[in-house]
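Novice: Shown below is the structure under consideration.
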Amino acid sequence: CADRDGDGYSNAGDPFPDDATQWADRDGDNRGDNPNGSNPDAFPDDTSQWKDSDGDGYGDNPGGAIGDAFPSDSTQWSDEDGDGYGDNIDGINGDVCPLEYGESFEDITRGCPDSDLDGVTDPVDAFPDDPFQWADSDGDGYGDNTLVPSGDDCVEVFGKSFEKGRQGCPDADLDGYADVDDAFPEDFEQWLDTDGDGWGDNYFFTNTTVADEENVGMFITLREQRGDAFPEIISQWSDVDGDGWGDNLSSYNRVDNFPLRVSQWNDFDGDGYGDNAVYTPLGAEEGTLPLAAYQPDECPKVPGTSSIDVFGCLDSDEDGVSDLNDPCIWDPEISEGARTVVTCSITTDPTLQASEEEGVSLLSSNVSTLQFMGGAIIFLLALIFVAQISKAASRRKAVEAKRQEQMVQESFGEEEERRQAWIQHYIAEGNYAEARSLGWEGTEGLPEWKQHELQQQAEQEAAIPTMFDLENL
C-alpha cells in the first residue's frame with residue numbers, strides 16, 4: 007500500500023500520512039501519540055488536553071480536563087476562587103485563602119478578602135465581619151476600638167463582662183456583670199443588692215414539703231430560697247412560707263408573726279393565734295375564692311389561750327374552752343354543759359381571792375406598824391416631859407418623829423397611786439383579769455351571766471344589816 011511519509015504505516019491507516027514521526031492518534035485530537043515525534047500529544051488519551059508547557063501534569067488548556075490555570079508555572083495549576091493566586095500554598099504566590107476571592111498581595115494575607123472593608127484583611131482581622139473592629143489585644147472577644155459601642159472597656163485585661171454597659175472587663179463569676187459593678191463578684195446567681203442588706207435581688211426558690219411539727223402526720227410546704235425576697239426592704243429578706251411577709255421578727259416592716267404558716271402573719275393581741283379567718287394565696291388569679299386560715303383568732307383584739315372550741319379567746323380556768331362557751335369559767339374540771347344546769351366547784355376568780363387575802367394581811371401589818379410608831383411617839387413625849395431636856399433638843403426630836411410619820415403616810419399614798427395606775431393601764435388594754443387581781447371591782451369584760459351574778463350578790467350584801475343598823479334597833 008502507498009506510504010507517502012515512509013513510516014511503515016499506509017496512508018489509509020496513518021492519521022498523519024505526511025509526518026514520518028507520527029502514525030497514531032488514540033484520542034483523535036490530531037496530536038500524535040509518539041512523544042518523541044513532531045507535535046506530540048502529552049495526553050494521548052485525553053481529547054481536551056495535549057500540551058503541558060510547565061510539565062506539572064496539568065494540561066495547558068484551562069477549559070479541558072485537568073486543566074492548568076497557570077500553564078507557565080509548574081508550582082501552581084488550580085485557582086478555585088479565581089482571584090489569580092494558586093491554591094498550592096507552598097507554590098509561587100500561593101493563595102492563603104484558596105476558597106475565598108481576595109486581592110491582598112501581602113505574604114501573610116495573599117489572595118484573602120477584606121469582608122468588612124475596614125482595610126484589614128480577614129486573616130489578620132480579629133473581627134472580619136465588623137468594620138469598626140479589627141484588633142483584640144487581650145483576646146477576650148471585644149475589640150480594642152473604644153470609640154464605638156462594641157469596644158472593650160478594659161482593653162489590656164481579659165474579661166467577659168457585658169452587662170451595665172461595661173464590656174470585656176474581669177467577671178470572676180461569669181454572670182455578665184464586671185467585678186467592679188457586681189455586689190456579689192463570686193456568686194454567679196447574684197449581682198445587685200438594692201437595699202444593701204447583703205442579700206441579692208435575684209430571688210428564686212424551690213418549694214419543698216416538710217413534716218408539720220405542730221400537727222403530727224401533717225405536712226406543710228416551705229421555700230428553699232436564694233436571694234432577697236424583699237429587695238427594697240433592708241430589714242427583710244426571707245419569706246419561707248411565701249405569704250409576702252418577712253421572717254425577721256426584729257423588723258418593723260412587713261413582719262410575719264407566723265413564718266411557717268402561709269395563711270397567717272398578723273397577731274394583734276400577741277396570743278399566738280393569727281388574725282386571719284380566711285386568706286387568698288399570694289399570686290392567686292383574680293376571682294380566686296378565699297381559703298380557710300390556720301387556727302384563726304376568734305378574739306383578735308383580746309389575748310386568750312382557748313384552743314378547743316375556738317382559738318385565742320379568754321380562758322380563765324385554762325382548760326382549753328373559752329369563757330364564751332365554758333359553763334364554769336373558773337373551774338378547769340368542768341367545760342361542758344349548760345350554765346343553768348351544771349354545778350361549778352369554783353365560782354370566783356382564785357387569783358382575786360388570793361389578792362384580797364394578801365391585802366388584808368398587808369393592812370393588818372400596817373396597822374401594827376402604826377400602833378408601834380404611836381407608842382414610840384408617846385414614849386418620846388414622856389421622856390421629854392420627865393427629862394426636861396432643852397427645848398431645842400426636844401423640838402428637833404419632835405420634828406424628826408413627825409417627819410418619819412409623814413414618810414410612812416406618803417409611802418402608803420404612793421403605793422396606792424401605783425396600784426390605781428396599773429389598774430387603769432390594764433383596763434385600757436382590756437386586760438380585766440389583771441385589773442381585778444389588783445382590787446378593781448368593775449364588771450367590764452365579764453360575760454352577761456357573770457355580771458348578773460355579781461349584781462345579785464351586791465344586792466344580797468346590801469340587804470345584810472350593818473353594825474350601825476343593829477345599834478339603832
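Heads up: the sequence shown at position 332 corresponds to 338 in my numbering, and the numbers run straight through without jumps. Using N, Cα and C, we set each Cβ at its ideal position, and we do this for glycine too.
#1: With distance defined between alpha-carbon atoms, name the residue in D51, Q461, G97, D234 nearest to S78.
#2: Where are the beta strand (DSSP E) runs, 3 residues long or more, that stay fully inside the segment 287-322, in chain order?
#3: Roughly how many angstroms lie between the CA atoms of D159 and T152, to the nearest whole one?
#4: Please report the straight-line C-alpha distance between I239 and D201, rounded to a whole angstrom.
#5: What residues in its chain sit with their C-beta under 8 Å from that of N254, if we drop five residues either side in the sequence?
#6: Taking DSSP's pairing of strands, which residues face V284 in a bridge?
#7: Applying the criterion that 16 or more other CB atoms from any shown protein chain within 10 Å of the CB defines a buried residue, is D131 buried or exposed?
#8: Under three-state DSSP, which class holds E230?
#9: Roughly how many angstroms separate the alpha carbons of E423 and L444, rounded to a whole number?
#10: Please state whether DSSP places V405 in a helix, a strand or coil.
#11: Taking buried to mean at least 16 other C-beta atoms within 10 Å of its own C-beta, is Y183 buried or exposed?
#12: Using 8 Å as the Cβ pair cut-off and three pairs as the minimum, do the segment 52-60 and the segment 68-76 touch?
#13: Measuring only the C-alpha atoms, how far is D249 from K170?
#14: Alpha carbon to alpha carbon, what distance is there between Q270 and V216?
#15: Return yes when the Cβ of G65 is within less than 8 Å of the Cβ of F76, no when it is not.
#16: Please identify the residue among A298, D337, S341, P296 whose C-alpha is closest to the C-alpha of S313.
#17: Who are the Cβ neighbours of T227 in its own chain at under 6 Å, not counting the five residues just before and after it?
#18: Quick check on this structure: which residue in G147, C103, G145 has the alpha carbon closest to the alpha carbon of D128?
#19: For the beta strand (DSSP E) that contains T53, what are its first and last residues?
#20: Got a sec, what are the start and stop residues for the beta strand (DSSP E) T81 sits in?
Specialist: Taking the structure as given:
#1: If you number the sequence shown from 1, residue 78 lands on position 72. When only C-alpha atoms are compared, the closest one is G97.
#2: List check, beta strand (DSSP E) in window: nothing returned.
#3: Along the sequence shown, read from residue 1 onward, the residue named residue 159 stands at position 153. Along the sequence shown, read from residue 1 onward, the residue named residue 152 stands at position 146. Computed Cα separation, rounded: 7 Å.
#4: The residue you call residue 239 lines up with position 233 of the sequence shown. The residue you call residue 201 lines up with position 195 of the sequence shown. Roughly 6 Å separates the two Cα atoms.
#5: Taking the sequence shown and counting its residues from 1, the one referred to as residue 254 is at position 248. Cβ within range, chain order: S241, Q242, W243, S244, V261.
#6: Walking along the sequence shown from the start, residue 284 turns up at place 278. In the DSSP output, where bridge partners are listed per residue, V284 has A298.
#7: Position 125 of the sequence shown, counted from the start, is the residue given in the question as residue 131. Buried is the call here.
#8: Here residue 230 refers to the residue found at position 224 of the sequence shown. In the structure shown, E230 sits in a strand (DSSP, three-state: E or B).
#9: Translated into the one-based positions of the sequence shown, residue 423 becomes position 417. Translated into the one-based positions of the sequence shown, residue 444 becomes position 438. Their backbone Cα atoms lie some 12 Å apart in a straight line.
#10: Residue numbering aside, residue 405 sits at position 399 when the sequence shown is read from its first letter. In this prediction, V405 scores a pLDDT of 42, lower than 50, which makes its location untrustworthy; the coordinate-derived value is nonetheless stated afterwards. Three-state result, V405: helix.
#11: The residue labelled residue 183 in the question sits at position 177 within the sequence shown. Buried: at least 16 other Cβ atoms inside 10 Å.
#12: Yes: at least three Cβ pairs fall under 8 Å.
#13: As a working mapping, residue 249 is identified with position 243 in the sequence shown. As a working mapping, residue 170 is identified with position 164 in the sequence shown. Those two C-alpha atoms are separated by around 33 Å.
#14: What you label residue 216 is simply residue 210 of the sequence shown in a count that begins at 1. What you label residue 270 is simply residue 264 of the sequence shown in a count that begins at 1. Between V216 and Q270, the C-alpha separation is close to 18 Å.
#15: Taking the sequence shown and counting its residues from 1, one reaches residue 76 at position 70. Taking the sequence shown and counting its residues from 1, one reaches residue 65 at position 59. No.
#16: Here residue 313 is taken as the residue at index 307 of the sequence shown, counted from 1. Residue S341 is the option with its Cα nearest to S313.
#17: For this step, residue 227 is matched to residue 221 along the sequence shown. Take T227, set aside five residues on each side of it, and the residues of its chain with a beta-carbon closer than 6 Å to its own are N213, T215, in chain order.
#18: Counted from its first residue, the sequence shown places residue 128 at position 122. Per the Cα distances, C103.
#19: Here the question's residue 53 lines up with position 47 in the sequence shown. For T53, no beta strand (DSSP E) run applies, since DSSP gives it neither H nor E.
#20: As a first step, residue 81 is located in the sequence shown; it is residue number 75 there, counting from the start. Note, T81: premise wrong, no beta strand (DSSP E); not H, not E.
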